[in-house]
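2 protein chains.
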Amino acid sequence: MTITADQVRQLREMTGAGMMECKKALSETGGDLNKAIDALRKAGIAKAEKRAGRSASQGRVEAYVHDSRIGVLIEVNCETDFVARTDDFRLLCKDLAMQVAAAGAEYVRREEVPAERISHEREIYTEQVKNEGKPAQIVDKIVDGKLNKFFAEVCLMEQAFIKDDKRTVGDLVKEVSSKTGENVVVRRFARFRLGSD
Amino acid sequence: MTITADQVRQLREMTGAGMMECKKALSETGGDLNKAIDALRKAGIAKAEKRAGRSASQGRVEAYVHDSRIGVLIEVNCETDFVARTDDFRLLCKDLAMQVAAAGAEYVRREEVPAERISHEREIYTEQVKNEGKPAQIVDKIVDGKLNKFFAEVCLMEQAFIKDDKRTVGDLVKEVSSKTGENVVVRRFARFRLGSD
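Chain order of the listed sequences is D and P.
Take 31 as the starting number for the first sequence in the numbering used here and just add one per residue.
Take 31 as the starting number for the second sequence in the numbering used here and just add one per residue.
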């Protein structure tokens, strides 16, 4: 098991422990960072540390609150702090926060919708379409169409943009991405409606 | 199975379906509201509805963003809209949002800390204290003390208030509660740090 200088540096940053102690902890735990942290803490060398991610993403955290009743917090990532400070990127973040407040997305993208929820929707649409007496060979096609409509309601990236419903939010993000020349990604959002789940 | 007028009214509000349809759906599903919604949707009577809670809580949703890098969204509940609009309550919400941004709580109260995390911390403290050579009969007591310190770091209600560290955040909330004469409860918060988990 070779312990790299990078691993040691990372463990030192996360624990404040000395270089030799970090190297030893990593050797003993087969290079597992989390186990090494635990070992250092057990030995009383590292202080209890908040679990903090260390990804190098740049971007902005933006908030929007409507009438103290609907609030949105959103994180949008780009590649450099320079782009994060441009007007284009700032405006995008503001627009996205307002979009979530107004149109109430539940997920960023369809990959995040839980499988059980999709199968539950699919079941309901299938019954609906059968009850309408549609021929069996087109039921699946209609159900797929209804599912796509569902995704376009609950997934931010597929929603129509509230300031211009000819574009989706995904289109908007792509435009800012090509304008700034950087990858632009909506990382996460939270939306609280007063008194609601 | 008796279906109450209240159940019918609630189902009507949630689906937009007619009174007789709602009554029928509730009868057929034994009064189960969620199943009745599904039945109405399958029959094509109710539109796909966003899942929205209907609790009657009042209060405020407040946001605070520091330097576009740390953002907090928080919901604080009280009993009436009147109290929600008072200066005392507004100031409390602002202070709480800033507290979460600055002191980085992870939970509102200790009941929300997952059991596995607590046992993980307990294990580490126990090893720590044993390694320090403390006598076995006082190990548990020291470990309990360390756990309480851990809760005071990660639970908002147990943290020292950043504007006056002689009081906890819980004390502050209680003071506003007795001043306004209403139950005041921090319901939930979200905290995003740019590039972090």
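Idealized CB from N, CA, C, for every residue including glycine.
- Counted as a single uninterrupted DSSP element, the beta strand (DSSP E) harbouring VAL91 of chain D occupies residues 88 to 96.
- Setting aside the 5 residues that flank it on each side, SER207 of chain P is surrounded in the same chain by VAL214, each with a C-beta closer than 6 Å to its C-beta; the list follows chain order.
- The stretch 90 to 173 of chain P contains, as complete alpha helix (DSSP H) runs of 4+ residues, the segments 111 to 114, 117 to 133, 145 to 161 (chain order).
- Proximity of chain D to ASN161 of chain P at the Cβ level (cut-off 7 Å) is accounted for by LYS72, ALA73, GLY74, in chain order.
- Using a Cβ distance threshold of 9 Å, GLU92 of chain P and ARG218 of chain P do not count as a contacting pair.
- At least 9 Å separates the beta-carbon of GLY200 of chain D from that of GLU212 of chain D.
- Within the model, the alpha-carbon separation for THR59 of chain D versus GLU183 of chain P is close to 28 Å.
- Looking at the DSSP output, THR198 of chain P shares a beta bridge with P:ALA190.
- Interface with chain D (9 Å Cβ-Cβ cutoff): GLU109 of chain P is excluded.
- Membership of VAL214 of chain P in any alpha helix (DSSP H) is not indicated, and neither H nor E is assigned to it by DSSP.
- Of the other Cβ atoms in all chains shown, 16 or more fall within 10 Å of the Cβ of ARG221 of chain P; this residue is therefore buried.
- In the DSSP secondary-structure assignment, CYS185 of chain P is bridged to P:TYR137.
- Nearest Cα to ARG115 of chain D within the set D:MET44, D:GLY89, D:ASP68: D:GLY89.
- Taking the beta carbon of SER149 of chain P as reference, no residue of chain D falls within 7 Å; the closest one sits roughly 13 Å away.
- Around the beta carbon of LEU121 of chain D, fewer than 16 other beta carbons lie within 10 angstroms, which makes this residue exposed.
- Bounds of the alpha helix (DSSP H) holding LEU41 of chain P are 35 to 45.
- Taking a Cβ-Cβ cut-off of 9 Å, the neighbours of LEU103 of chain D in chain P comprise ALA93, VAL95, GLY101, VAL102, LEU103, ALA220, ARG221, PHE222, given in sequence order.
- In this structure ILE67 of chain P is not in contact with ALA73 of chain P, their Cβ atoms being roughly 11 Å apart against a cut-off of 8 Å.
- The beta-carbon of SER98 of chain P is placed less than 9 Å from the nearest beta-carbon of chain D.
- 9 Å or more divides the Cβ of LYS179 of chain D from the Cβ of VAL159 of chain D.
- Taking C-alpha positions only, MET128 of chain D is separated from ARG39 of chain D by approximately 41 Å.
- Excluding sequence positions up to five before and after THR156 of chain P, its CB lies within less than 7 Å of the CB of VAL169, VAL173, all in the same chain and listed in chain order.
- Around the beta carbon of ARG197 of chain D, a 10 Å sphere encloses fewer than 16 other beta carbons of the protein chains shown; the residue is thus reported as exposed.
- In this structure LEU56 of chain D is in contact with ILE33 of chain D, their Cβ atoms being roughly 5 Å apart against a cut-off of 8 Å.
- Residues VAL38, ARG42 of the same chain have their beta carbon placed closer than 7 Å to that of MET49 of chain P, with the five preceding and five following residues left out of the count.
- Bounds of the alpha helix (DSSP H) holding ALA69 of chain D are 63 to 72.
- Following the DSSP letters along the chain, one finds LEU56 of chain D inside the alpha helix (DSSP H) bounded by residues 49 to 58.
- When rounded, the separation of the alpha-carbon atoms in LYS53 of chain P and PRO144 of chain D is 31 Å.
- In this structure, VAL138 of chain D lies near CYS185 of chain D, with their beta-carbon atoms less than 9 Å apart.
- For PHE222 of chain D, DSSP records a beta bridge to D:GLY101.
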